[in-house]
Amino acid sequence: MCFSATASFVTAGLLVPSGAYATSVALRHDRRYLPLATFPLLFGVQQFVEGGLWLALGGSTMIEVDTAALGFLAFAYFLWPFYVPLAARSVETRVDRRRLFTVLAVLGFALGGSLYLPLLLHREWISVSLAKGSILYGPVLIYDGIVPRSLIRALYALIVSVPLLFSSVDSVRLFGMLILFSVVGSAIAYAYAFVSIWCFFAALLSLVVIAIVRRAARAATGDEADGDIDKAHQRAG
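Here the sequence shown stands for residues 64 to 300, where the numbers follow our numbering.
1) Is it buried or exposed, Asp207, if we count other Cβ atoms within 10 angstroms and call 16 or more buried?
2) Starting from the C-beta of Arg278, find all residues in its chain whose C-beta is less than 7 angstroms away, skip the five residues before and the five after it, and write them out in chain order.
3) My assumption, with CB atoms under 8 angstroms, is that Gly175 sits in contact with Phe135. Please give the rounded CB distance.
4) DSSP puts Ile242 in a beta bridge; with which residues?
5) So, helix, strand or coil for Tyr146, using DSSP?
6) Quick one: what does DSSP say Val191 is sitting in, helix, strand or coil?
7) Could you give the C-beta distance for Pro103 and Ala150, rounded to a whole number, given that I count them as a contact under 8 angstroms?
8) Kindly list the residues whose CB is nearer than 6 angstroms to the CB of Val271, restricted to its own chain and excluding five residues on each side of it in sequence; keep chain order.
9) Going along the chain, which residues of its own chain have a beta-carbon closer than 7 angstroms to the beta-carbon of Phe138, five neighbours each way excluded?
10) Tell me the DSSP bridge mates of Leu133?
11) Am I right that Leu78 and Ser269 are in contact with their C-beta atoms under 8 angstroms? What's the rounded C-beta distance?
12) Spatial neighbours of Ala282 within its chain, please: C-beta separation below 8 angstroms, excluding the five flanking residues on both sides.
13) Three Cβ pairs or more, each shorter than 8 angstroms: is that satisfied between the stretch 182-196 and the stretch 113-133?
14) How many angstroms separate the CA atom of Pro80 from the CA atom of Thr130?
15) Quick one: measure Cβ to Cβ for Arg152 and Ala168, integer angstroms, because I've assumed they're closer than 8 angstroms.
16) Please work out which residues of its chain come closer than 8 angstroms, Cβ to Cβ, to Arg216, disregarding the five sequence neighbours upstream and downstream, and give them in chain order.
17) List the endpoints of the continuous beta strand (DSSP E) containing Leu199.
18) According to DSSP, is Asp159 part of a helix, a strand, or is it coil?
19) Below 6 angstroms CB to CB, which residues in the same chain sit around Ala75 once its five sequence neighbours on both sides are set aside?
20) In angstroms with no decimal places, state the Cα-to-Cα distance between Ser41 and Ile260.
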């Protein structure tokens, strides 16, 4: 998170149980929503890892700075670019959009891998510092000197926002709009620490997923009830 170790751990403490609850609801009622339901849980783990990074930057010997940074970037650089499209695909009913989201998931996997895997091989490329009360991630990227980072950032934003914005599920589209606003707002107001700031806003917004999953659960319960009524009528007839 972008303020302190305490803030990161508190946020993780809120998100992890919330995500566990959303996951349990999806498991019981509509498993198509399971990937989406895990968002708060995953963001909670990510914030916990960044809390460890705050401690490392403060001089703690419990964890190394580059190890904690790699843990955080595993989510920010690698996981989210393909997991978000897959989550949107899982709840999508239209075949053409499912195909689009599959393509975006593949692109996200390729982009995330190209951003993250080189850091595993070259840990010396990792650069982490504090700037204006936030953590600044400034690792070397294989695209440096070839593709502007602003273009990479724009591609990342498209991959994680388009599947949500074009979902046929109204509540998922609303979530996508909120995510897009968080991306644009973070890029404009906090460009110096975009990765940390955006993940903070996205983590908080992931709590919206709980409402989405509960709504899907109510719909699934209603469908099951209607089916039971129809069967009862058929037996009576």
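Even glycine gets a Cβ: it sits at the ideal position worked out from N, Cα and C.
These numbers come from a predicted model, not from an experiment.
Let me lay it out:
1) exposed
2) Ser234
3) The pair is not a contact, with the Cβ atoms about 14 angstroms apart (cut-off 8 angstroms).
4) Answer is none; Ile242 lacks a bridge partner.
5) helix
6) strand
7) Not confirmed; about 12 angstroms, so no contact.
8) Phe238
9) Leu105 and Gln109
10) Note: Leu133 sits in no beta bridge, so no partner.
11) 7 angstroms
12) Asp93
13) yes
14) 25 angstroms
15) 7 angstroms
16) Ala250 and Phe257
17) Ser197 to Tyr200
18) helix
19) Gly107, Gln110 and Phe111
20) Because the chain here runs from 64 to 300, residue 41 falls outside it and cannot be looked at.
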